[in-house]
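So in the working numbering the end of the sequence shown lands on 1029, straight run, no missing numbers.
In this text, a Cβ means the ideal position worked out from N, Cα and C, and glycines have one as well.
This structure is a prediction, so every number in the text was calculated from the model and none was measured.
Below: one structure, written as structure tokens.
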Amino acid sequence: MTAKRVHIKIFDTTLRDGEQSPGCTMNQQEKLRLADQLDRLGVDVIEAGFPIASDGDFESVKAIAIAVRRPIIAALARACQPDIERAWEALKHAAQPRIHIVLATSDIHLKYKLRITRDQCVEQARKSVRFAKSLCDDVEFSSEDATRTDPDFLCHVLDAVVEVGATTLNIADTVGYTVPAEFGDLITTIRQQVKGIENVTVSAHCHNDLGLAVANALAAVAAGARQVECTINGIGERAGNASLEEIVMAMRVRPDRYAYETGIVGEQIFSASQMLSEITGVPVQPNKAIIGRNAFAHEAGIHQDGVLKNPLTYEIMTPQSVGVPDSKLVLGKHSGRHALSIRCEQLGYQFDRSGLDDIYRRFLRLADNIKHVEDHHLFELIARQSGRL
Ligand code: KIV
Ligand code: ZN
641 MTAKRVHIKI FDTTLRDGEQ SPGCTMNQQE KLRLADQLDR LGVDVIEAGF
691 PIASDGDFES VKAIAIAVRR PIIAALARAC QPDIERAWEA LKHAAQPRIH
741 IVLATSDIHL KYKLRITRDQ CVEQARKSVR FAKSLCDDVE FSSEDATRTD
791 PDFLCHVLDA VVEVGATTLN IADTVGYTVP AEFGDLITTI RQQVKGIENV
841 TVSAHCHNDL GLAVANALAA VAAGARQVEC TINGIGERAG NASLEEIVMA
891 MRVRPDRYAY ETGIVGEQIF SASQMLSEIT GVPVQPNKAI IGRNAFAHEA
941 GIHQDGVLKN PLTYEIMTPQ SVGVPDSKLV LGKHSGRHAL SIRCEQLGYQ
991 FDRSGLDDIY RRFLRLADNI KHVEDHHLFE LIARQSGRL
């Protein structure tokens, strides 16, 4: 009998933190379309926006709260009454609403940005969570810049918000500063020191300024976090957020290391990525893990030969498992005969050995001059060989 895996909640913030990345703004209709896809994808929580930020954001959150019924719908608010009231106004029709309060806790943010003392910070956190709790059962508290906060003070703030009813504590690496071992230790400290921690969910929110967002999120999970905040294609402020598809597939491909499960329907990942890219007009980098154009493409002859004999030689997951239509052999100057003959077969042409040698010579001459040999080039080569051109 296999042991039941621990469930990790996937909190998708593509529509809030993701939308904050340059060039990624979306209108209400686009947000609704994406929220529907996130629902099909199986995320546990959709952070639909920041209602106080603009009337457009407010209306989008409200429309999603009304239309998308399965997941929890969250909305962001700073730790003050007007923000919380506005968030609640937008959320109140949701089947499962969540108010998400954020307050910075690091000395640098308290001194230069908020201009408040540590004591004032604790009081503001307590007061805002208490107020949110009077409106909504499900209240998440985020400590902004938690990874640059004195850990003892951080635990003190978290004690206060748990006491007044916070149900999720989100530990934000706002500036992408931490590294996996350190972040894991911080989550362990919080789990050991915060009073009442056993009754709340610990969450990780990681940014990618050092390219470590996914590694940090996974370290947090290994240390006991049970929610990760992430975005499709890893979009988000500056270098982005932890990428949903990478976190989920790391757990799925390496259950020996990450014995967790999520509700994500892998086959919907590629469609979500494509939809986001189509809506924002921001392309996915070709070598992006899991969903980049090259993630399942093989150009080197040795690799192509191996993949054609058995995909497991060079693919650690199937393209179908993340919804990518098929493994794509890219034909270029490094490609071998085997890949060329397979593609020609797919186009309806079969060659004997000398015919293949001939077409392969022509192909290499062409590939020396262009990056990728496309199907229309092959048709032309085949036509020349047969004397039709
Ligand atoms: O990066 C951050 O600190 C945030 C908070 C709102 C969680 O996005
Ligand atoms: Zn963020």
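Proximity test, residue i beta-carbon vs the ligand KIV heavy atom, cut-off 7 Å
{"i": "SER782", "result": "yes"}
{"i": "LEU971", "result": "no"}
{"i": "HIS974", "result": "no"}
{"i": "ASN848", "result": "no"}
{"i": "VAL840", "result": "no"}
{"i": "HIS845", "result": "yes"}
{"i": "LEU794", "result": "no"}
{"i": "LEU743", "result": "no"}
{"i": "ASP657", "result": "yes"}
{"i": "LEU750", "result": "no"}
{"i": "LEU884", "result": "no"}
{"i": "GLN716", "result": "According to the sequence shown, residue 716 is Leu rather than Gln. Within the cutoff, so yes."}
Proximity below 8 Å, CB of residue i to CB of residue j
{"i": "GLY903", "j": "GLY689", "result": "no"}
{"i": "SER782", "j": "HIS847", "result": "no"}
{"i": "PHE698", "j": "ALA735", "result": "no"}
{"i": "ASP652", "j": "LEU678", "result": "yes"}
{"i": "CYS776", "j": "TRP728", "result": "yes"}
{"i": "LEU674", "j": "ILE919", "result": "yes"}
{"i": "ARG709", "j": "TYR900", "result": "no"}
{"i": "ALA912", "j": "ALA882", "result": "no"}
{"i": "THR787", "j": "TYR752", "result": "no"}
{"i": "VAL779", "j": "ILE741", "result": "yes"}
{"i": "ALA1030", "j": "ILE712", "result": "Because the chain in this structure spans residues 641 to 1029, residue 1030 falls outside the shown range and cannot be described."}
Close Cβ partners of residue i (< 8 Å) along its chain, the five nearest in sequence each way excluded
{"i": "ALA1007", "result": "LEU971, GLY972, LYS973, SER975 and VAL1013"}
{"i": "ASN934", "result": "PRO926, ASN927 and VAL970"}
{"i": "GLY851", "result": "ALA879"}
{"i": "GLN908", "result": "GLN677, ARG680, LEU681, GLY682 and GLY963"}
Neighbourhood of residue i by C-beta, 6 Å cutoff - its chain only, sequence neighbours within 5 removed
{"i": "ARG770", "result": "VAL804"}
Sequence-distant residues of the same chain with beta carbon closer than 7 Å to residue i, five excluded per side
{"i": "TYR989", "result": "ILE1022"}
{"i": "VAL947", "result": "HIS938, THR953, TYR954, GLU955 and SER967"}
{"i": "LEU672", "result": "ALA703, ILE704 and ALA707"}
{"i": "PRO737", "result": "ALA705, ILE713, LEU731, CYS776 and ASP778"}
Check: residue i C-beta below 7 Å from any heavy atom of the ligand ZN
{"i": "ALA812", "result": "yes"}
{"i": "GLY876", "result": "yes"}
{"i": "ASP896", "result": "no"}
{"i": "ASN873", "result": "no"}
{"i": "ASN856", "result": "no"}
Counting Cβ pairs, one atom from each stretch, are 3 or more of them under 8 Å apart for the segment 794 to 811 and the segment 827 to 840?
With the cut-off at 8 Å, the segment 794 to 811 and the segment 827 to 840 touch.
If you pair each beta-carbon of the segment 870 to 877 with each one of the segment 889 to 899, do three or more pairs fall below 8 Å?
Segments in contact, no.
Do three or more CB pairs link the segment 994 to 1008 to the segment 946 to 965 at distances below 8 Å?
Flag = no, the segment 994 to 1008 and the segment 946 to 965 do not touch.
So, do the segment 860 to 869 and the segment 821 to 828 have three or more beta carbon pairs nearer to each other than 8 Å?
The segment 860 to 869 makes contact with the segment 821 to 828; the number of CB pairs closer than 8 Å reaches 3 or more.
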